[in-house]
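Residue numbers (our numbering), protein chains in the order written: chain A, 1 to 428; chain B, 1001 to 1428.
Given below as structure tokens:
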């Protein structure tokens, strides 16, 4: 991990080893830590016995290797015992804060996702279900791609068609709602709960939301629900978790524990000691679940704003089969973009309008800009979140037979992503 | 306006004329309306005497011209009289719902923005100030461009350095917050209030918010404030308006009257009968206001999401001097974008990170993705809204001498756009 001058001075010492760095009259003793990502090759970092890390400038320094790295105590936890009458819940690890543990010897983050480790960290889970945990992969959620969505969908199907009563997917929070939407569109004939859960604060912090979120998610996985949902803190206290429909939820704060909000729809449930489900939802039933994991990846999410360069949209029309516009207000974009949108129509691209306000519904009949865009073939995205419309368009372009079917599927509520218009909502 | 077959049948009849359309045994009499934008050339639209519009299919029809269009009664309102002791407030019209009036004779929307028309519509304004209204232009706010921002800034300066006590800018709501941010960065040594106001429902609707918003905005224009603010409904009832700092406000609903919300900061005031200002704000003072209207227009606002095409960012690096990233969570983007960001740095582009969560602050030191991005020279956007950071970067790239000054200005609070970190906010 160290390179250049630092590597020379270390003379083969490995991260995790106990070393002494002697520099003139001074010496520093501790565990060699990984190089700081922002560090140059002139410093090495050690953790002192008092717990602090220090960086030592290595010019004129000499390193003594004291003792090898302590072997990591994997699976040091006892195998948990579960009551046979409890339902079985599978927890799939994909990465993110909730699945990470900081190794205090080396400062490295590594996945902690064996069943034994999870039950050791959150013993309450054993009272709810027979937990079966495994890691699919371990990535930060900003690095999730459609390839990962497909893999998760396939693994969820295996579990649901096996002995699991429900599945919990532990996931980084940054793009959890994209993955949730993708699962909601891909999973067909869903008969059991699929619950995404994450944490905003890692489990080494006193304010961590990891345990409460995981307990609530596991409860929901044993509930009567047969939908894809996100379960996260409902408030900034530790009182309750909210159950959000995966196609209606969005991360609305960078750091708060109650960052996830249902937009344009209320949450569909709340978890305290028990799971309470509200309103209408799809109920648990019998039958095989399957996944249609086809996704057209040549889709772009395009934000419109004053001064936006029409050439950028022309570039998208050249490259992509579908474009979701994040417009303004009721569904508008600057008229400088109209020529590109007209060409998109002429070249058979699907163009869907959503709004940067996030809240509220697109209504393109109120103002002339909207009417002109409708006339250019733009599909109004109703009250879909821009991010959800993007994932839906990837799905729809892959499964529809022709342009007409693309349009009709985009306008139809497939997985709770469009709230039905009960009243004409521009009329109140 | 009509063309093809419809134009032939109309035989020269103009929109606004009274006509009779005879079709076999039936005939329809009314005022000829403009062609529907979505209409073909086989229908003409007339407004019947009962007020309804109908479209008549013209095959086999004959049109009789009954009487010419009534001349539009411009300036039919009496010139208002103002009390000399009242302060003077200039209202500048730029377009949008608040400045539009539907002509019931022809259905056309036209600006209604003479002082006399405004006082006729909202007589309460005369109790607050000597109103002086004029139209700068009349466009839908989705069509605002940096060119319009400059024009508004220049006109505002003229008014403030003249006899006006404050200026109200009537503006469409879609991009009002962009214009507000642009004015906040461009106007220097501001000594009086600049108030943007709009309406979400046009004044022909019973639920219109136009009058209350305009009254509240005019009150704020006479207040002690010397900042650029947005004044709009505070709730969905007609009780109060909120005063939002222009660099902290965002349109958060497509249709509600209380769509505008201050993000990451409370509103700085409330207007009921009186204007109440809260917290710390810049106070009215003496002195010349001036505008620095330089803007670098080669700036893009780039949204990052799972599956985003790195080529799209490469294209932006080729074309623009500045890129504001709308990342995820604490300020992350997929690592597939890193090569483009590295090239941006190498080619001297400014890259600024903001977050799609809107609420909360970017903190790029918590996770490895953020640290790697900092190492690639990305400037953390603190708690700036993505749209505000975009406008600010246009301003900063135009005024800064070098890359170092771009960075330092982007990190400095220039016009209320960055909330100071009082406590390290990842530590709660």
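Yeah, the Cβ is synthetic: ideal placement off N, Cα and C, and Gly gets one too. Note that the structure is predicted; figures quoted are calculated from it, not measured.
Do residue i and residue j have their C-beta atoms within less than 8 angstroms of each other?
| i | j | result |
| --- | --- | --- |
| residue 1305 of chain B | residue 178 of chain A | yes |
| residue 1254 of chain B | residue 333 of chain A | no |
| residue 162 of chain A | residue 198 of chain A | no |
| residue 320 of chain A | residue 294 of chain A | no |
| residue 352 of chain A | residue 379 of chain A | yes |
| residue 1230 of chain B | residue 1194 of chain B | no |
| residue 4 of chain A | residue 41 of chain A | yes |
| residue 330 of chain A | residue 366 of chain A | yes |
| residue 391 of chain A | residue 397 of chain A | no |
| residue 246 of chain A | residue 184 of chain A | yes |
| residue 1340 of chain B | residue 1314 of chain B | yes |
| residue 82 of chain A | residue 116 of chain A | no |
| residue 284 of chain A | residue 192 of chain A | yes |
| residue 377 of chain A | residue 355 of chain A | no |
| residue 316 of chain A | residue 271 of chain A | no |
| residue 1044 of chain B | residue 1006 of chain B | yes |
| residue 1388 of chain B | residue 1218 of chain B | no |
| residue 1139 of chain B | residue 1118 of chain B | no |
| residue 357 of chain A | residue 1364 of chain B | no |
Interface residues of chain B around residue i at Cβ under 7 angstroms?
| i | result |
| --- | --- |
| residue 143 of chain A | 1334 and 1335 |
| residue 297 of chain A | 1307 |
| residue 369 of chain A | 1140 and 1142 |
| residue 328 of chain A | 1142, 1174 and 1175 |
| residue 340 of chain A | Residues of chain B passing the Cβ test: none, with the nearest at roughly 14 angstroms. |
| residue 178 of chain A | 1305 and 1306 |
| residue 387 of chain A | 1305 |
Let me make sure I understand the geometry here. Which of the options has the alpha-carbon closest to that of residue i?
| i | options | result |
| --- | --- | --- |
| residue 1151 of chain B | B/1143, B/1131, B/1137 and B/1283 | B/1137 |
| residue 70 of chain A | A/401, A/267 and A/19 | A/19 |
| residue 1169 of chain B | B/1122, B/1191 and B/1220 | B/1220 |
| residue 1166 of chain B | B/1349, B/1407, B/1339 and B/1222 | B/1222 |
| residue 1213 of chain B | B/1239, B/1335, B/1382 and B/1228 | B/1239 |
| residue 1282 of chain B | B/1291, B/1084 and B/1269 | B/1269 |
| residue 1056 of chain B | B/1067, B/1218, B/1354 and B/1026 | B/1026 |
| residue 1080 of chain B | B/1143, B/1124 and B/1060 | B/1124 |
| residue 1147 of chain B | A/307, A/285, A/300 and A/324 | A/307 |
| residue 232 of chain A | A/225, A/224, A/181 and A/211 | A/211 |
| residue 1261 of chain B | B/1277, B/1244 and B/1272 | B/1244 |
| residue 1257 of chain B | B/1296, B/1207 and B/1225 | B/1207 |
| residue 64 of chain A | A/21, A/53, A/48 and A/394 | A/21 |
| residue 196 of chain A | A/121, A/98 and A/286 | A/98 |
| residue 265 of chain A | A/205, A/201, A/275 and A/382 | A/382 |
Which residues does DSSP pair with residue i in a beta bridge?
| i | result |
| --- | --- |
| residue 1355 of chain B | B/1327 |
| residue 290 of chain A | A/188 |
| residue 56 of chain A | A/44 |
| residue 166 of chain A | A/89 |
| residue 971 of chain B | A query on residue 971 of chain B cannot be resolved here, the shown segment of chain B reaching from 1001 to 1428 and no further. |
| residue 1061 of chain B | B/1023 |
| residue 194 of chain A | A/167 and A/228 |
| residue 130 of chain A | A/88 |
| residue 1332 of chain B | B/1328 |
| residue 300 of chain A | A/323 |
| residue 135 of chain A | A/93 |
| residue 67 of chain A | A/18 |
| residue 7 of chain A | BP columns for residue 7 of chain A are empty, so no partner. |
Taking C-beta pairs closer than 8 angstroms, name the residues in chain B that residue i reaches, listed in chain order.
| i | result |
| --- | --- |
| residue 301 of chain A | 1303, 1305 and 1308 |
| residue 90 of chain A | Within chain B, no residue comes near residue 90 of chain A; the closest Cβ sits about 23 angstroms away, beyond 8 angstroms. |
| residue 203 of chain A | In chain order: nothing, as chain B lies at least about 14 angstroms away. |
For residue i, which residues in chain C fall below 7 angstroms Cβ to Cβ?
| i | result |
| --- | --- |
| residue 1208 of chain B | The chain labelled as chain C is not found among the protein chains of the depicted structure, namely A and B. |
Residues of chain A with CB closer than 8 angstroms to the CB of residue i, please, in chain order.
| i | result |
| --- | --- |
| residue 1251 of chain B | 328, 329, 356 and 357 |
| residue 1146 of chain B | 306 and 307 |
| residue 1256 of chain B | 359 and 360 |
| residue 1315 of chain B | 312 and 315 |
Under 9 angstroms Cβ-Cβ, which residues of chain A neighbour residue i?
| i | result |
| --- | --- |
| residue 1259 of chain B | 329, 357, 359 and 360 |
| residue 1363 of chain B | 254 and 255 |
Mind listing the chain A neighbours of residue i? Cutoff is C-beta to C-beta under 7 angstroms, in chain order.
| i | result |
| --- | --- |
| residue 1390 of chain B | 305 |
| residue 1048 of chain B | Correct list: empty, because the minimum Cβ distance to chain A is about 21 angstroms. |
With a floor of 4 residues, list each alpha helix (DSSP H) that falls wholly inside the segment 206-292 of chain A, ordered by position along the chain.
210-221
Hey, which unbroken runs of the alpha helix (DSSP H) at 4 residues or more fall wholly within the segment 1376-1422 of chain B?
1386-1399 and 1403-1411
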